[in-house]
Amino acid sequence: MTVSTLPRRLAVVVVVAVIVAFLSIKLGAFRDYQIAEIAYEVTAVAGLTVLTGLSGQISLGHGAFMAIGGYATALVLMHLNWPFIVALVIAAAVTAVAGGVVGVAAARLRGPYLAGATLMLGVALPAVAYAFPATFGGDQGLDVVFTVPSFLGVNFPLTRWQAWVGTAVTLVTLLLLANLCYSRIGRNWRAVRDDDVAAALDGINVAVARIRAFVVSATCAGIAGSLLAVITALVAPGAFTLTLSIALLTAAVIGGLGSLPGALWGSLLIILVPTYATDVASSHGLSSSVGSNIPIAAYGVVLILVMLAFPQGIQGGVRRLIALFGGPLAREREHIATPEHSEKEGSS
Amino acid sequence: MSRPHRFRLTAAVAVATAAAFTLAACSSSPGSSSASGTSTGSSTAPLTASAPGITASTILIGSHQPLTGPAAPGYDEIAPASTAYFDWVNAHGGVYGRKIIYKYLNDAYDPTTTASVVRQLVLQDNVYAIFNGLGTPTHLAVVSFLNSEKVPDVFVASGCDCWDNPTQDPETFGWQLDYIREGKILGQYVAEHFKGKKIGFFYQDDEFGMDGVKGLEDEIPASQVVAKESYVDTNVNVAPQVAKLRAAGAQVVVSFSIPAFTALLKLTSLKLGFNPQLVVSDVGSDPITLSGLLESFAKSAGATVNGNQLTQGIITDGYLPSLSASDSWYVLFKKIHDLYDAKEPLDGNFFYGMAVAYTFVQAMLKAGRNPTRADLVNAINGGLPQGPMLAPFAYSASDHDGVTGARIGVIQNGVIVEQGPVLVTDATATGAITDYTGTEQQAPASGVPSP
Amino acid sequence: MVEFLQFTLSGAVFGMVYAAIALSLVLIWRGTRLLNYAQGGMAMFTTYVAIEVIYRTGSYWAGFVVALAAGMVLGAVCERGVVRLTTGRPPLNAVIVTIGLLILLEGLAGIFYGGQYRSFPAAFSIIGLRVGHTPIGVSRFDVFVAAAVLVTTLAFAAAFKYTAAGLRLRATAFNPTIARLSGIRVARVLTVGWALAGLLGALAGVLVSPSTFLYPNSMDTIFVYGFTAAVIGGLDSPAGSVVGGLLLGIVLSYVGGYLGSQGPDLTALVALGILVVVLMIRPDGLFAGARLRRV
Chain A
24 MTVSTLPRRL AVVVVVAVIV AFLSIKLGAF RDYQIAEIAY EVTAVAGLTV LTGLSGQISL
84 GHGAFMAIGG YATALVLMHL NWPFIVALVI AAAVTAVAGG VVGVAAARLR GPYLAGATLM
144 LGVALPAVAY AFPATFGGDQ GLDVVFTVPS FLGVNFPLTR WQAWVGTAVT LVTLLLLANL
204 CYSRIGRNWR AVRDDDVAAA LDGINVAVAR IRAFVVSATC AGIAGSLLAV ITALVAPGAF
264 TLTLSIALLT AAVIGGLGSL PGALWGSLLI ILVPTYATDV ASSHGLSSSV GSNIPIAAYG
324 VVLILVMLAF PQGIQGGVRR LIALFGGPLA REREHIATPE HSEKEGSS
Chain B
249 MSRPHRFRLT AAVAVATAAA FTLAACSSSP GSSSASGTST GSSTAPLTAS APGITASTIL
309 IGSHQPLTGP AAPGYDEIAP ASTAYFDWVN AHGGVYGRKI IYKYLNDAYD PTTTASVVRQ
369 LVLQDNVYAI FNGLGTPTHL AVVSFLNSEK VPDVFVASGC DCWDNPTQDP ETFGWQLDYI
429 REGKILGQYV AEHFKGKKIG FFYQDDEFGM DGVKGLEDEI PASQVVAKES YVDTNVNVAP
489 QVAKLRAAGA QVVVSFSIPA FTALLKLTSL KLGFNPQLVV SDVGSDPITL SGLLESFAKS
549 AGATVNGNQL TQGIITDGYL PSLSASDSWY VLFKKIHDLY DAKEPLDGNF FYGMAVAYTF
609 VQAMLKAGRN PTRADLVNAI NGGLPQGPML APFAYSASDH DGVTGARIGV IQNGVIVEQG
669 PVLVTDATAT GAITDYTGTE QQAPASGVPS P
Chain C
15 MVEFLQFTLS GAVFGMVYAA IALSLVLIWR GTRLLNYAQG GMAMFTTYVA IEVIYRTGSY
75 WAGFVVALAA GMVLGAVCER GVVRLTTGRP PLNAVIVTIG LLILLEGLAG IFYGGQYRSF
135 PAAFSIIGLR VGHTPIGVSR FDVFVAAAVL VTTLAFAAAF KYTAAGLRLR ATAFNPTIAR
195 LSGIRVARVL TVGWALAGLL GALAGVLVSP STFLYPNSMD TIFVYGFTAA VIGGLDSPAG
255 SVVGGLLLGI VLSYVGGYLG SQGPDLTALV ALGILVVVLM IRPDGLFAGA RLRRV
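Line by line, the protein sequences are chains A, B and C.
Here the first sequence is numbered in the numbering used here, starting from 24 and rising by one per residue.
Here the second sequence is numbered in the numbering used here, starting from 249 and rising by one per residue.
Here the third sequence is numbered in the numbering used here, starting from 15 and rising by one per residue.
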């Protein structure tokens, strides 16, 4: 018996949207900005967690897709002066095409080879901005102008508008992503991830499924990049370094690979832990090089400890907690997340 | 079948509510709008909280700095040096009795992080002004935000001439010598002293190097320039560039490079048996830093003493006094350095940090006893005394450039020895370079500028 | 022509450094089927240890030896203490743990040694060697770099092939279960594998740091190119690491020499290009063996 889950998902989306809207009015401007930051982070991580967790393809260079989305948005807004929603759709489309190209190139690659290729992609793509400085602004990047629409009045704070736009776009993206994951397409991904030979024997076109996963995942990252452009008001190569790509993967795995709530936990962790650690360190009046590196060392320790303590990610830990305390409420749903270590035996 | 979904809804609501309460508990209330304050108060008027970030006893300013990451080496000394100078001022009466609190946050040279930490400083910590934000791509991420929030954005730590935009960015001011001016000054020296020689350029492939080259080309005849080689700071293999310079027969190489790459230029030149006269931008020529980078190689490069041998004879420029014991500013800053931050080396970056802090204190004193944010901006628009700078500032309502000139120097025995007059110019292609006939100001005895 | 020779030789020297990193990654991959993302960070840390020793004792070789020893210790400690705890878990967990290790090491280096650039001495003269009057683009130290990596590689290859310990390592890499059944202490062998990888990484660190200067992030780019070299050569093949490293180093040197120095830096894009071309033809790297597909 299939019960339509779409109304349920829509309900969750509406509730979350209302809560965020309430928070954005109650909390100050800086928290609104953080809500917007978390929004685009979650979008990117959600796309990556679907790619790596559901379809089993690792990407160490997802920042490159965010860069494509961001620059596309900046260029459209700057040269064509169209509204943001149009720029967003264009950016998503451009990034989808890029994702398709990369997906085709990556279709035959496995494990560490895919990791190496995507790593180099993440490093090399920002270099394109330097190669064509007239178009892309070189080292200084491109300014992005994003204003509050006039119907909201003159006094509506920009940060609140950014939080609203970010949250709205993220929720819509997550909704579409969730529907995709529980559809036949999503099931095909999981089949290909777990045993691609069996999937092929079953009539699934493995290459198409893998490429499709890359396209979807890249589109999410492109949307996230587009949001980043209007929220930070700048796209520059320095914003899309390898550090960003690694942070996205870290967030996806630590949050819980393959799970959309995991994208939220992971994003919260990578955004809030460094800030919190910095506050703690600077309040102790240490020398500059010690004080600024303690948050870094602490963040590394947190990553290691969380990964060891929650092998299925934070979402896995949440599930376990519910199972411990929840009783009948916690009947495990179909386990869609991390593949049980399906080691592909390659050549030895 | 319905239970897991109800659970999911409940869980989502529970989590969100918990998050809401946590965030609400953590957040501070938004800052109040600035109260109007009198900018000309008598010296006995009570101190009030005349602007965000100002209380009766403190002035809170913020900054973004690369404290970690690949851009940190060297630049992470600047903010602690400024803090040391503020500590000195605070211990000697402060600014009209107020203590300066300098809160600088790490952005690791990532513009996204810069955007975030500067919003934290302005929206959450309610700083009075952003001071000495470091880096061109990073600071560009926050210029429009600061100007729309009407937060003074003073003395940006970058030589881009983009800070001079008073019509669009009235809150933003430069401080250091911009790279085009510097290129012109160095270029004129090269054109005059190396007539007929072959000149090569070695420059960083960003606005620092490209603006420098722009200035150089304004002064050096194009017929003399035989090679122009750029590098990126992510690729340490500069052998191809140096090989090209050597193959073109460059006898003088003008380098707009950061210290690490000046050192690499020198080392690679040694490896290729290439020994041109080096002319290096102030950004990359600090003798202490260079010696530190080169000292391991001095012996193996054939020199018998220390890294100083490898920096001997490098021509450079400077807009701050040379680090020699005969200079009153050096004496003052060394005293403060030994007192407050003795572990750090007293090198060019340290001097920079103290000098810019000095300028800030001068500006705050001029802004008045109970300044608003607008008072600070107006104070700088009215012009500032040059303090430790060798040349005057350009500050006016229509010009937000910083110092207007520099003096040529030569590195001898690990110290820059100044030569010739102070030269001032503008940032246009045809603006003349003239000698500055004013005198250098001496450091005040108390170390604190007079109001 | 002279330029060509200069570019080739100087590129080969950098290539040998990439090969050393690649070899350490291959060693760990073959033994434990894991990617050690912290390899560059470990190399950076051991190089800091070396420079402290050099400052105190004044002897370069003391620092050199201590660096290699510290590399072995660090590798063993990381495996034993941290990575071991991820066995049986999804493979990406180990990658995230090593990423955490990398960040931790960079933070610790900043705390203990400060963030400044440190100059690291070269073992031999850095003055360029000449043939006649023409400098050929490498110095005595560069020759030492190439030789050191080559000798270490050959020593490892010989050890793997001809000693009992090497046999144990290979057996464990081939099939840990059967190795265990044959009486091999697999856990100990894995630790030894990581220790040797740590040694290789430390070697790469002391060899390349004179050219990059030493600071907490100095090995980041070297690691990326070393990883690329390993992927190009095939993660199961030590010979592939050397070939991949040389290929990468030399081609990038040509790019920088003939194309790059007057315009944007195309190094990363060209490296990506090489990687894509190689992996299109051979998805498992140049020296990959035939792939087993179990149906």
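Heads up, the beta-carbon is just placed ideally off N, CA and C, and yes, glycines get one too.
Since the model is a prediction, treat every value here as computed from it, not as a measurement.
Under the three-state reduction of DSSP output, H585 of chain B falls in the helix class. Judged by their CB atoms, A243 of chain C and S255 of chain C are nearer to each other than the 8 angstroms cut-off.
Between the alpha carbons of L293 of chain C and G271 of chain C lies a distance of about 25 angstroms.
Excluding its 5 nearest sequence neighbours in each direction, A193 of chain C has C-beta neighbours in its own chain below 6 angstroms: A185, T186 and V200, listed in chain order.
When CB distances to chain A are screened at a threshold of 7 angstroms, the residues of the stretch 387–420 of chain B falling below it are L388, A389, S392 and F393, in chain order. Using a 10 angstroms sphere on the CB of A677 of chain B, the tally of other CB atoms stays under 16, which defines it as exposed. Residue-level contact by beta carbon fails for S73 of chain C and chain B, as no gap is shorter than 8 angstroms.
Relative to the Cα of W336 of chain B, the nearest Cα in the group B:D534, B:A603 and B:V438 belongs to B:A603. When the beta-carbon positions are compared, M612 of chain B and L624 of chain B come within less than 8 angstroms of each other. The alpha-carbon of M58 of chain C is positioned some 7 angstroms away from that of L228 of chain C. Under the three-state reduction of DSSP output, E419 of chain B falls in the coil class, being neither helix nor strand. Membership of T564 of chain B in the beta strand (DSSP E) is indicated by the continuous run I563 to G566. At least one beta carbon of chain B lies nearer than 8 angstroms to the beta carbon of T255 of chain A. Put simply, the CB of A179 of chain C is far from chain B, with every gap to its CB atoms at 8 angstroms or more. Counting along the chain, R144 of chain C sits inside the beta strand (DSSP E) bounded by residues G142 to V145. Within the stretch 559–591 of chain B, no residue has a Cβ lying closer than 8 angstroms to any Cβ of chain C. Among the bridge pairs identified by DSSP, P149 of chain C is matched with C:R144. Within chain A, no C-beta atom comes less than 8 angstroms from the C-beta of N597 of chain B; the nearest is roughly 12 angstroms away. Here the C-alpha atom of N626 of chain B lies approximately 22 angstroms from the C-alpha atom of H387 of chain B. Within the DSSP secondary-structure output, N354 of chain B pairs in a beta bridge with B:Q313.
In the DSSP assignment, no residue is bridged to G245 of chain A. Look at G657 of chain B here: in three-state DSSP terms it is strand.
Contact of S225 of chain C with chain B by beta-carbon distance below 7 angstroms involves V484. Counting only residues of its own chain and dropping the five nearest sequence neighbours on each side, V404 of chain B has a CB closer than 6 angstroms to the CB of G381, H387, W411 and G422. Around the C-beta of E592 of chain B, 16 or more other C-beta atoms lie within 10 Å, and the residue is accordingly described as buried. In chain order, F138 and S139 place their CB closer than 6 angstroms to the CB of R154 of chain C, counting only its own chain and leaving out the 5 sequence neighbours on each side. G686 of chain B sits close to P640 of chain B, with the two beta carbons spaced by under 8 angstroms. For E397 of chain B, the number of other beta carbons within 10 angstroms of its own is at least 16, and it is reported as buried. In the three-state scheme derived from DSSP, where H, G and I count as helix and E and B as strand, A475 of chain B is classed as strand. Contact check for S311 of chain B against F379 of chain B passes: the beta carbons are separated by less than 8 angstroms. Short of 7 angstroms from the beta carbon of F174 of chain C, and not among the five residues preceding or following it, lie these beta carbons of its own chain, in chain order: G180, L183 and R184. Around the CB of V665 of chain B, fewer than 16 other CB atoms lie within 10 Å, so the residue is classed as exposed.
Nearest CB-CB separation between T682 of chain B and chain C: not below the 8 angstroms threshold.
Boundaries for D481 of chain B: no beta strand (DSSP E) harbours it, and the DSSP string shows neither H nor E there. Residue-level contact by beta carbon holds for F241 of chain C and chain A, with a gap shorter than 8 angstroms. Look at R132 of chain C here: in three-state DSSP terms it is strand.
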